[in-house]
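Quick notes on the structure that follows.
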Amino acid sequence: MSFEDNIRKVIPYVPGEQPVGKVIKLNTNENPYPPSPKVIQALKEYDVDELRKYPDIYGGELRDELAEVYKVDKDEVFVGVGSDDVLSVAFLTFFNGTKPILFPDITYSFYDVWADLYRIPYKTISLNDDFRIDKEDYITDNGGIVIPNPNAPTGALKSVEDLEYIISNNPDSVVIIDEAYIDFGGRSVLPLIRKYDNLLVVQTFSKSRCMAGVRIGMAFGDKKLIKYMNDVKFSINSYTMNRLTVAAGAAMLKDEEYFKETCKKVIDTRERVKKELKELGFDFPDSSSNFIFATHKTLAAKDIFEAAKKKDIYVRWWNKPRIDNYLRISIGTDEEMDSFIDFLRGYINGDI
Ligand SMILES: *Cc1c(COP(=O)(O)O)cnc(C)c1O
Numbered sequence: 193m194s195f196e197d198n199i200r201k202v203i204p205y206v207p208g209e210q211p212v213g214k215v216i217k218l219n220t221n222e223n224p225y226p227p228s229p230k231v232i233q234a235l236k237e238y239d240v241d242e243l244r245k246y247p248d249i250y251g252g253e254l255r256d257e258l259a260e261v262y263k264v265d266k267d268e269v270f271v272g273v274g275s276d277d278v279l280s281v282a283f284l285t286f287f288n289g290t291k292p293i294l295f296p297d298i299t300y301s302f303y304d305v306w307a308d309l310y311r312i313p314y315k316t317i318s319l320n321d322d323f324r325i326d327k328e329d330y331i332t333d334n335g336g337i338v339i340p341n342p343n344a345p346t347g348a349l350k351s352v353e354d355l356e357y358i359i360s361n362n363p364d365s366v367v368i369i370d371e372a373y374i375d376f377g378g379r380s381v382l383p384l385i386r387k388y389d390n391l392l393v394v395q396t397f398s399k400s401r402c403m404a405g406v407r408i409g410m411a412f413g414d415k416k417l418i419k420y421m422n423d424v425k426f427s428i429n430s431y432t433m434n435r436l437t438v439a440a441g442a443a444m445l446k447d448e449e450y451f452k453e454t455c456k457k458v459i460d461t462r463e464r465v466k467k468e469l470k471e472l473g474f475d476f477p478d479s480s481s482n483f484i485f486a487t488h489k490t491l492a493a494k495d496i497f498e499a500a501k502k503k504d505i506y507v508r509w510w511n512k513p514r515i516d517n518y519l520r521i522s523i524g525t526d527e528e529m530d531s532f533i534d535f536l537r538g539y540i541n542g543d544i
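Read in order, the letters of the sequence shown correspond to residues 193 to 544 in the numbering used here.
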């Protein structure tokens, strides 16, 4: 017997690289645009004396603004340090049974990490050959369900109707819909939280709200679900949302116009890039997110990934079954995407 036997050993999640220096960064689905000028102003004007005091444990003004913008009650909102924090608390809170929880085999690669960390039994459900989720696969005995919509890294969107079918047929499980990318063209299931008390909708400021570096995530759900989550959170660390984050997040929510504008810019760029990738011989599930999951008819994804990196263009590639011939390409600015397309053209023509 040694202390080694008592250690909780885990295989951690591996995020995409954050290279230093000037590179074209299309590898972690960040927004290429800065936060609203209102955020800059709020931080400039922030009364630093406030930082002496502990923050509000519920997220204060940030939660108030979220309730207002998303037209829900405050006690239907949970705020966390990025949606990774929100999802982690949700897994710990809701998946405490012996039946396996279900999520797709090709999905956000953090889900199995939390399941392992918290000793939650799980079963992955294969996407079909088109990388689509089949709703019937989720009508089976389970201890909970997690579905990202749009899915990551495929970018494929499910309809609200299909998701409602899964939610309504699983009244004895909490169903988490991870809507990290919903603002890039999808329709949210948020209005269903009043109809189904087993539904938790998770969103983030990291993608559509241009603030991955600030770390804000939120969940919406029946107030009983939110209370259970807060009980767990307050049993670990009540003060995760610091005052500067709260101020920055609340300011961002006061500029819905800017938010809609930047989302539209990303969507327009994505649609243009889809056409160009098709012309270059790429194929991909139709994306409703801020990335495209593309495979080339003849060229190996790994080779493109490595050649791009040599040119300081970072995209994401996973050495995993079923997806190892795909690249996940985040949507950057128009100029960044032009550089990437130019690189691809050169690579395909054999110039690189
Ligand atoms: C990016 C992402 C998240 C987490 O983002 P945070 O930065 O922690 O808010 C959660 N789910 C999916 C599917 C994501 O792609």
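Yeah, the Cβ is synthetic: ideal placement off N, Cα and C, and Gly gets one too.
(request) Would you check if the region 353 to 362 and the region 237 to 255 touch, i.e. whether three or more CB-CB distances between them fall below 8 Å? (result) Proximity of the region 237 to 255 to the region 353 to 362 falls short of the contact definition, fewer than three beta-carbon pairs being nearer than 8 Å.
(message) To the nearest angstrom, how far is the alpha carbon of residue 288 from that of residue 330?
(response) Going by the C-alpha atoms only, they are around 19 Å apart.
(request) Label residue 233 either buried or exposed according to how many other C-beta atoms from any shown protein chain fall within 10 Å of its C-beta, with 16 as the threshold for buried. (result) By the Cβ neighbour-count rule, residue 233 is exposed, with fewer than 16 other Cβ atoms within 10 Å of its own.
(message) If you measure between the beta carbons of residue 275 and residue 437, is that distance less than 9 Å?
(response) It is not a contact, given that the beta carbons lie outside the stated cut-off.
(message) Which same chain residues end up closer than 8 Å to residue 347 when comparing Cβ atoms and leaving out the 5 residues on each side of it in sequence?
(response) Excluding sequence neighbours, residue 347 sits near 373, 476, 477, 478, 479, 480, 481, 483, 484 and 485.
(message) Using the Cβ count rule (16 or more neighbours within 10 Å means buried), how would you classify residue 492?
(response) Exposed: under 16 other Cβ atoms inside 10 Å.
(message) Would you say the beta carbon of residue 396 is closer than 8 Å to some non-hydrogen atom of ligand 1?
(response) At least one heavy atom of ligand 1 is nearer than 8 Å to the Cβ of residue 396, so yes.
(request) Let me know if residue 197 comes out buried or exposed under the rule of 16 or more other beta-carbons within 10 Å of its beta-carbon. (result) With fewer than 16 neighbouring CB atoms inside 10 Å of its own CB, residue 197 falls in the exposed class.
(request) State buried or exposed for residue 290, treating a residue as buried only when at least 16 other CB atoms are found within 10 Å of its CB. (result) Exposed: under 16 other Cβ atoms inside 10 Å.
(request) Output yes or no for whether 9 Å exceeds the beta carbon distance between residue 254 and residue 271. (result) Closer than 9 Å, so yes.
(request) Tell me, please, which residues DSSP counts as bridged to residue 370. (result) In the DSSP secondary-structure assignment, residue 370 is bridged to 340 and 394.
(request) Classify residue 521 as buried or exposed, calling it buried when 16 or more other Cβ atoms lie within 10 Å of its own Cβ. (result) Buried: at least 16 other Cβ atoms inside 10 Å.
(request) Counting only runs of 3+ residues fully inside the region 373 to 436, write out the beta strand (DSSP E) ranges in chain order. (result) Counting only unbroken stretches of 3 or more residues, the beta strand (DSSP E) elements lying wholly within the region 373 to 436 are 391 to 396 and 409 to 413, in sequence order.
(message) My output table needs one value for residue 487: the three-state DSSP class, helix, strand or coil.
(response) Strand.
(request) Write down every uninterrupted run of the beta strand (DSSP E) in the region 287 to 337 whose length is 3 residues or greater and which is fully enclosed by it, in chain order. (result) Entirely contained in the region 287 to 337, the beta strand (DSSP E) runs reaching 3 residues are, in chain order, 293 to 296 and 314 to 317.
(request) Please determine, among 448, 510, 534 and 538, the residue with the shortest C-alpha to C-alpha distance to residue 261. (result) Closest by alpha carbon: 448.
(request) Kindly indicate the opening and closing residues of the alpha helix (DSSP H) around residue 469. (result) Counting along the chain, the alpha helix (DSSP H) containing residue 469 begins and ends at 448 to 471.
(message) Given a cut-off of 9 Å on the beta-carbon distance, is the pair residue 366 and residue 341 in contact?
(response) In this structure, residue 341 does not lie closer than 9 Å to residue 366 by Cβ.
(request) Measure the C-alpha to C-alpha separation of residue 462 and residue 469 and round it to an integer number of angstroms. (result) Cα to Cα, residue 462 sits roughly 10 Å from residue 469.
(request) Would you kindly report the start and end of the unbroken beta strand (DSSP E) that includes residue 271? (result) According to the DSSP assignment, residue 271 belongs to the beta strand (DSSP E) that extends over 269 to 272.
(message) By the DSSP assignment, the alpha helix (DSSP H) with residue 235 in it spans what residues?
(response) Its alpha helix (DSSP H) spans residues 229 to 236.
(request) Can you tell me the Cβ-Cβ gap for residue 409 and residue 393, rounded? I've got them flagged as a contact below 8 Å. (result) No, residue 409 and residue 393 are not in contact; Cβ-Cβ is about 11 Å, not under 8 Å.
(request) Please find out if some non-hydrogen atom of ligand 1 comes closer than 8 Å to the beta-carbon of residue 518. (result) Not under cutoff, so the answer is no.
(request) Report the rounded CA-to-CA distance for residue 537 versus residue 299, giving the unit in angstroms. (result) For residue 537 and residue 299, the distance between alpha carbons rounds to 30 Å.
(message) I need the boundaries of the alpha helix (DSSP H) containing residue 360, first residue and last residue.
(response) Residues 352 to 360.
(request) Tell me whether residue 535 is buried or exposed, calling it buried when 16 or more other Cβ atoms sit within 10 Å of its Cβ. (result) Result: buried.
(request) Go ahead and pull the three-state DSSP assignment for residue 275. (result) Helix.
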